[in-house]
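Visitor: Numbering (my numbering), first residue to last: 3 to 284. Here it is, the structure, as structure tokens.
Here's what the structure looks like:
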């Protein structure tokens, strides 16, 4: 590997610092607004520390972020929808990814290309047909309905991620399992799936994040107050307070992000291993 000159290293470091500022400054500004009781209306200046430190904003959001549900109620709905979508996407996507990784069949490349197009297609483009379809089967206003939609949206990305993981598993290991008398299903379930589990965890997290943060489809489909998710609750909060207190919106955004941050902190070692699994072809 060629060693960089000092001025090249300096430019790289400056670039990394600039990128870090673009990431950290908005988050810091949001946190400062959430803890500052002096913020009224649209913030007119950036402050490093709150002028009047308070937790009252977080208490208000905790008690009633939506019109009828508490924060725990909306969090429960979000976790149910996002967790169910991740489970469906990974469960059905794993078998499909294994077929694309190990089997050879007509239309395989076309199928992979179709999945790629599905991943690139904006969900908003599917709103009208999904609205008609879910209304016909009676699932439009239910959490199960939007869970299925989120699972379908995230499945293409999950399939591509898990396909790379299955391809990274040496075929010799599967052949050894066949020699020992294992069936195709036993080999997939007990050998291949376990070796690719870190990457499957990454795929599940991707599906979870899509379902946890998605707003537009849920806002269009769900019209029952008891089925409001956190993303919808923040929009309700904005309509209730208008622009009178941006601190409430900042506090709600921070509280919504905490579960995801906790998951990343706890599972970061396994997620890193899964993201690198299958990245290098031998």
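Just so it is clear, CB atoms sit at the ideal spot from N, CA and C, and this is done for glycine as well.
Are the CB atoms of residue 252 and residue 126 nearer to each other than 7 Å?
Guide: The residue labelled residue 252 in the question sits at position 250 within the chain shown. The residue labelled residue 126 in the question sits at position 124 within the chain shown. Contact flag unset, no.
Visitor: Kindly list the residues whose CB is nearer than 7 Å to the CB of residue 129, restricted to its own chain and excluding five residues on each side of it in sequence; keep chain order.
Guide: The residue you call residue 129 lines up with position 127 of the chain shown. Once the five neighbours on either side are set aside, the close Cβ partners of residue 129 are 219, 222.
Visitor: Look at the Cβ atom of residue 235, then the Cβ atom of residue 169, and state whether they are nearer than 7 Å.
Guide: Within the chain shown, residue 235 is the residue found at index 233, counting from 1. Within the chain shown, residue 169 is the residue found at index 167, counting from 1. No, these two residues do not count as a Cβ contact at 7 Å.
Visitor: CA-CA distance, residue 178 and residue 105?
Guide: Taking the chain shown and counting its residues from 1, the one referred to as residue 178 is at position 176. Taking the chain shown and counting its residues from 1, the one referred to as residue 105 is at position 103. Distance between the alpha carbons of residue 178 and residue 105: 18 Å.
Visitor: How big is the Cα-Cα spacing for residue 160 and residue 99?
Guide: Here the question's residue 160 lines up with position 158 in the chain shown. Here the question's residue 99 lines up with position 97 in the chain shown. Distance between the alpha carbons of residue 160 and residue 99: 8 Å.
Visitor: Do three or more CB pairs link the stretch 142-157 to the stretch 177-191 at distances below 8 Å?
Guide: The answer is no - the stretch 177-191 does not touch the stretch 142-157, with fewer than three Cβ pairs under 8 Å.
Visitor: Alpha helix (DSSP H) containing residue 134: first to last residue?
Guide: As a working note, residue 134 is residue 132 in the chain shown. Looking at the DSSP string, the run of the alpha helix (DSSP H) that includes residue 134 is 129-139.
Visitor: Look at the alpha carbon of residue 51 and the alpha carbon of residue 92, and state the distance between them as a whole number of angstroms.
Guide: Locating residue 51 in the chain shown gives position 49, where the first residue counts as 1. Locating residue 92 in the chain shown gives position 90, where the first residue counts as 1. Residue 51 and residue 92: Cα-Cα distance of roughly 43 Å.
Visitor: Look at the alpha carbon of residue 20 and the alpha carbon of residue 227, and state the distance between them as a whole number of angstroms.
Guide: Residue 20 sits at position 18 when you count from the first residue of the chain shown. Residue 227 sits at position 225 when you count from the first residue of the chain shown. Spanning the two alpha carbons is a distance of roughly 43 Å.
Visitor: Just to confirm before moving on: does the CB-CB distance between residue 63 and residue 250 stay below 7 Å?
Guide: Position 61 of the chain shown, counting from 1, holds the residue named residue 63. Position 248 of the chain shown, counting from 1, holds the residue named residue 250. Taking 7 Å as the Cβ cut-off, residue 63 and residue 250 qualify as a contacting pair.
Visitor: Please report the residue range of the alpha helix (DSSP H) in which residue 28 lies.
Guide: Within the chain shown, numbered from 1, the residue matching residue 28 stands at position 26. Counting along the chain, the alpha helix (DSSP H) containing residue 28 begins and ends at 8-37.
Visitor: Tell me, which residues are paired with residue 55 by DSSP?
Guide: Here residue 55 refers to the residue found at position 53 when the chain shown is read from its first residue. DSSP lists 38 as partners of residue 55.
Visitor: Does DSSP put residue 177 in a helix, a strand or coil?
Guide: If you number the chain shown from 1, residue 177 lands on position 175. In the structure shown, residue 177 sits in a helix (DSSP, three-state: H, G or I).
Visitor: To the nearest angstrom, how far is it from the Cα of residue 77 to the Cα of residue 142?
Guide: For the purposes of this step, residue 77 is taken as the residue at position 75 of the chain shown. For the purposes of this step, residue 142 is taken as the residue at position 140 of the chain shown. The straight-line gap from Cα to Cα measures roughly 20 Å.
Visitor: Skipping 5 residues on each side, what residues in its chain have a beta carbon closer than 7 Å to that of residue 180?
Guide: Within the chain shown, numbered from 1, the residue matching residue 180 stands at position 178. The residues are 189.
Visitor: Quick one: is residue 27 buried, meaning 16 or more other Cβ sit within 10 Å of its Cβ, or exposed?
Guide: As a position in the chain shown, residue 27 is number 25, starting the count at 1. Exposed: under 16 other Cβ atoms inside 10 Å.
Visitor: Anyone know if the C-beta pair for residue 255 and residue 239 falls short of 7 Å?
Guide: Here residue 255 is taken as the residue at index 253 of the chain shown, counted from 1. Here residue 239 is taken as the residue at index 237 of the chain shown, counted from 1. No, these two residues do not count as a Cβ contact at 7 Å.
Visitor: Taking just the CA atoms, how far does residue 5 sit from residue 172?
Guide: For the purposes of this step, residue 172 is taken as the residue at position 170 of the chain shown. For the purposes of this step, residue 5 is taken as the residue at position 3 of the chain shown. In a straight line, the C-alpha of residue 172 is about 34 Å away from that of residue 5.
Visitor: Please name the residue in 156, 270, 144 whose C-alpha comes closest to that of residue 225.
Guide: Along the chain shown, one-based indexing puts residue 225 at 223. For the residues 156, 270, 144, the minimum Cα distance to residue 225 belongs to 144.
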